[in-house]
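**Student:** This is the structure I have questions about; it appears just below.
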């Protein structure tokens, strides 16, 4: 049992909440030094995005109304491949201790992204679960996020449905068989979205959710952006089933402990995503907003 191991950074109550509810948020956990380093390099990418239009620069997923005068990045793709500061944080920062507290001593890095949720209508993320995007042999896979700025209730903090990690995995295809990346409207009554807990807080606050947990966030109608750096980690014996992140420089890199000699298989089935090796992967925003 992971809970029998001594904690590195989370309290026992925080660990117990994660295993009970499928998520946990901790205000202000990441310190000022890391935040300054991350915000400095993030500002450089925002500035660089001013010169980008369309989809020619694969680092950026841009909102449709992005302009040089008013940059609106939806996502910086694979930031750990874009700048060494992000990888330093993902591999040596507090995220690795958090992962060990919840997954055990042997940890792999899976992938990262930086979602901006720009102010003045930054797009919603519809209710979904993560594991259908990148299935593994078991469900000891988590996503850890850190808010790079203060996030108040009007800035669309991420909401998570407590206990949903122990419920069903939902179909993220529509009735015609098209991948949408979100739970169908007709299935939402089963989700109890009114029970969601929204995880905000001051800069440095972290969010952690299990790969089966149902989560999402509304549009950001505040005037301020809501940058959230997200890194996914897995237990060493959770092996990816698809090759979605195979091109990533650090995908499946062991960041704590040792590699697994045996793969562990959960008997519960997992939905398979489309074969993006043939069509190319689009961001969750593109799929959910039906941008073809």
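Numbering (the numbering used here), first residue to last: 889 to 1180.
Backbone N, C-alpha and C define an ideal beta-carbon position, used for all residues, glycine too.
As the structure is a prediction and not an experimental result, all values here were calculated from the model.
1. Specify the secondary structure class of residue 927 as computed by DSSP and reduced to three states.
2. Could you check if residue 917 is buried or exposed, using at least 16 other CB atoms within 10 Å of its CB as the buried criterion?
3. Helix, strand or coil for residue 1000 per DSSP?
4. Excluding five sequence neighbours on each side, which residues of the same chain lie with their C-beta closer than 6 Å to the C-beta of residue 1042?
5. In the structure shown, what three-state DSSP assignment does residue 1042 receive?
6. Please list, in chain order, all residues of the same chain as residue 1159 whose beta carbon is under 7 Å from its beta carbon, the five residues on each side excluded.
7. Between the region 1117-1132 and the region 1009-1016, are three or more C-beta pairs nearer than 8 Å?
8. Of the residues 1090, 1167, 1000 and 949, which one's Cα is nearest the Cα of residue 1133?
9. Do residue 1103 and residue 1048 have their C-beta atoms within less than 8 Å of each other?
10. Can you tell me the Cα-Cα spacing of residue 1028 and residue 953, whole angstroms?
11. Under a Cβ-count criterion, where at least 16 other Cβ atoms within 10 Å of its own Cβ denotes burial, should residue 1150 be classed as buried or exposed?
12. What are the complete alpha helix (DSSP H) segments, minimum 4 residues, inside the region 937-1024?
**Tutor:** In short, the structure shows the following:
1. Residue 927 sits at position 39 when you count from the first residue of the chain shown. Of the three classes helix, strand and coil, the one that applies to residue 927 here is helix, per DSSP.
2. Locating residue 917 in the chain shown gives position 29, counting from the first residue. Answer is buried; the Cβ neighbour count reaches 16.
3. Start at 1 with the first residue of the chain shown, and residue 1000 comes out as number 112. Reduced to three states, the DSSP call for residue 1000 is strand.
4. As a first step, residue 1042 is located in the chain shown; it is residue number 154 there, counting from the start. 1110, listed in sequence order.
5. The residue you call residue 1042 lines up with position 154 of the chain shown. Three-state DSSP puts residue 1042 in a helix.
6. Within the chain shown, numbered from 1, the residue matching residue 1159 stands at position 271. Here the set comprises 1020, 1057, 1059 and 1060.
7. no
8. Taking the first residue of the chain shown as 1, we reach residue 1133 at position 245. Per the Cα distances, 1000.
9. As a first step, residue 1103 must be located in the chain shown, where it is residue number 215. As a first step, residue 1048 must be located in the chain shown, where it is residue number 160. It is a contact, given that the beta carbons lie within the stated cut-off.
10. What you label residue 1028 is simply residue 140 of the chain shown in a count that begins at 1. What you label residue 953 is simply residue 65 of the chain shown in a count that begins at 1. Straight-line Cα distance between these residues: approximately 38 Å.
11. As a working note, residue 1150 is residue 262 in the chain shown. Exposed, since its Cβ has fewer than 16 Cβ neighbours within 10 Å.
12. 967-970, 972-980 and 982-991
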